[in-house]
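The sequence shown begins at 100 in the numbering used here and counts up by one.
Let me begin by presenting the structure, written as structure tokens, before commenting on it.
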Amino acid sequence: MKQTLNAIAGAPSAFIGRRTRFARLITLLLLALGAAFVAHAQQTTATIVGNVTDASGAVIVGAKVMATNTATNTVRATVTDSSGQYSLPSPDGCLLPQC
């Protein structure tokens, strides 16, 4: 009978131990997830947008627009849409637009 009572009395402490380990695991996972968001937030990104027009102000459809990173010579390119607008993502920093 004493063994049964001791086993029952020991059950809550075992349960609390598991809860504590689970809480620590969840806390660790949340901290790791938070660190990943902070690391992602440190990326330098930008978008270059604009319109291409001729000397009279008319839009130029289908004009090729390129941007070159002068430090790495990385080139990004796009073409203007039906309203002469373009958008270039530039995740690697400073780019110089060229037409």
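Built from N, CA and C at the ideal position, the CB exists for glycine as well.
No experiment lies behind these values; they were computed from the predicted model shown.
{"Item": "To the nearest angstrom, report how far apart V160 and G183 are at their CA atoms.", "Value": "5 angstroms"}
{"Item": "Please state whether the Cβ-Cβ distance between V158 and T179 is less than 9 angstroms.", "Value": "yes"}
{"Item": "Can you check DSSP and say which residues form a bridge with G149?", "Value": "Y185"}
{"Item": "Short of 7 angstroms in beta carbon distance, which residues of its chain neighbour K163, apart from the five on each side in sequence? Order them along the chain.", "Value": "A176 and V178"}
{"Item": "Report the residue from I125, T173, M165 and R123 whose alpha carbon sits nearest the alpha carbon of V148.", "Value": "M165"}
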